[in-house]
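Asks: The structure's right below; bear with me while I get my questions together.
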Amino acid sequence: MSTEAKTHQLVVSVSPHVRDEESIARIMWTVNIALLPAFIMAVYYFGPRAVYVTALCIATSVLSEYLFQRWLKKKTTISDGSAFLTGLLLGMNLPPGVPFYIPLVGSFVAIVITKTLFGGLGYNIFNPALIGRAFLLLTWPKLMTKWYEPTALFVGLDAKTTATPLGILKEEGLAKLVEHFGDKAGVYKSLFFGSTAGSLGETSAIALLIGAAILLYKRYITWHIPFSFLASVAVIAWIFGGKGGLFTGDPVIHLLSGGLMLGAFFMATDYVTCPTIRKGQIIFGIGCGAVTMLIRLKGGFPEGVMFAILLMNCFAPLIDRNVKPEQFGAVKKKEDKK
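Sequential numbering from 21 applies to the sequence shown in our numbering.
Right under this line is the structure:
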């Protein structure tokens, strides 16, 4: 065969045929960086306690993954940033005043039980950080629902405890929430910038949106899950969220409150536990929003983002299986005649 003929050979190889410089480690560390604005706001409002709680979660997550993988004689993967991210997300889902053993136990459950025992990154069924938080909420419900006023934890844990905006809205209604912040504009402003009680990752919608913009710009996430999630929350809140009948609810308060922004952009979009097909991701996001609002409006908890995402994680494989795109050129088998 001549040299010219060799240069025109068709080389057939196994997939993937399209390669990219992106790696798991680069994606994970970029997501960690995208969470930095929200973490800075948490430190601004809650002081050293935000650093303490988050650092415990991250250190325990990384150490748990390292020790368990060494015990199983597997390759250690702590450098890929996934354990660090799990710890960071768990920390952002915790109240700032929890005792030291809460982050330790939650991180162990998230990494060892939810992630490593299922086979490691890429094999876990549920979002590890959310399972860790769910375990903590069910085990220590009082500690996990004890909230502090922002800025108070600069001076210690003698701070005044208070309810979250969603807690006030659920128990006492919109009028009481508006009264608490002065007027409705005060409610929006406090929720947008984060001067409200809540978990560390609930403190600032604008900080989370900055991080989300980074992920969307890098194309590490797409609009399908977060926007369908937020849109379904807004529509349901507007239709059913008001006390004066249908179409009297305030969707803005529900959009800016609680863990919705953190959940929609950083947790529901987890590659492993969400559908891979775009149409399926929209269904997944709508389902997350619907379950969130069902719990917020009719459930026993004022917040439902965590339960909604975990429940929809169960349906992710089923959604993918039933919204497969049509295969062009495939020959349909004829049914056997009876």
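Glycine included, each C-beta is placed from N, C-alpha and C at the ideal position.
Keep in mind that this is a model prediction, so the values were computed, not measured.
For L109 versus A149, is the C-beta spacing smaller than 7 Å?
Replies: For the 7 Å CB-CB criterion, L109 and A149 form a contact.
Asks: Under 8 Å: do the segment 146–160 and the segment 303–311 share three or more Cβ pairs, one atom per stretch?
Replies: no
Asks: Enumerate in chain order the residues of its own chain whose CB-to-CB distance from M61 is below 6 Å, with the five nearest sequence positions on each side excluded.
Replies: G214, T223, S224 and A227
Asks: According to DSSP, which residues form a beta bridge with Y168?
Replies: T181
Asks: Give every residue of the same chain whose Cβ lies closer than 7 Å to the Cβ of K196, excluding the five residues on either side of it in the sequence, and list them in chain order.
Replies: I188
Asks: Using the Cα positions of P115 and S99, report the straight-line distance between them to the nearest angstrom.
Replies: 28 Å
Asks: For the alpha helix (DSSP H) containing N144, list its first residue and its last residue.
Replies: That residue, N144, is in no alpha helix (DSSP H); it is neither H nor E in DSSP.
Asks: Count the C-beta pairs between the segment 251–261 and the segment 202–213 that are closer than 8 Å, then say yes if the count reaches three, no if not.
Replies: no
Asks: Mind checking which residues open and close the alpha helix (DSSP H) that includes E199?
Replies: L194 to F201
Asks: Are there three or more Cβ pairs, one per stretch, closer than 8 Å when the segment 279–296 is compared with the segment 319–328?
Replies: yes
Asks: Tell me which residue opens and which closes the alpha helix (DSSP H) that C308 is part of.
Replies: R298 to K318
Asks: Between the alpha carbons of I131 and L266, how many angstroms are there, rounded?
Replies: 43 Å
Asks: Are at least three pairs of beta-carbons, each pair with one atom in the segment 312–321 and one in the segment 290–301, less than 8 Å apart?
Replies: no
Asks: Can you check which of these residues, I53, K180, E169 and Y240, is closest to S43 by C-alpha distance?
Replies: Measuring from the Cα of S43, the nearest candidate turns out to be Y240.
Asks: Using the C-alpha atoms, what's the distance from K93 back to A233?
Replies: 39 Å
Asks: Return the Cβ separation of Y168 and G117 in integer angstroms, given the expectation that the two are a contact with Cβ distance under 8 Å.
Replies: 5 Å
Asks: Figure out for me which residue from P271, Y237 and A79 has the closest Cα to the Cα of L250.
Replies: P271
Asks: Between the C-alpha atoms of M112 and G278, what's the straight-line distance to the nearest angstrom?
Replies: Straight-line measurement puts the Cα of G278 at about 12 Å from the Cα of M112.
Asks: Out of curiosity, what's the CA-to-CA distance linking A45 and I151?
Replies: 23 Å
Asks: Can you have a look at L55 and say buried or exposed, based on whether 16 or more other CB atoms are within 10 angstroms of its CB?
Replies: buried
Asks: Tell me the rounded alpha-carbon separation between P322 and P68.
Replies: In a straight line, the C-alpha of P322 is about 27 Å away from that of P68.
Asks: Excluding the 5 residues preceding and the 5 following L338 in the sequence, name in chain order all residues of the same chain whose CB lies nearer than 7 Å to its CB.
Replies: none
Asks: Distance, Cα to Cα, G206 vs P170?
Replies: 15 Å
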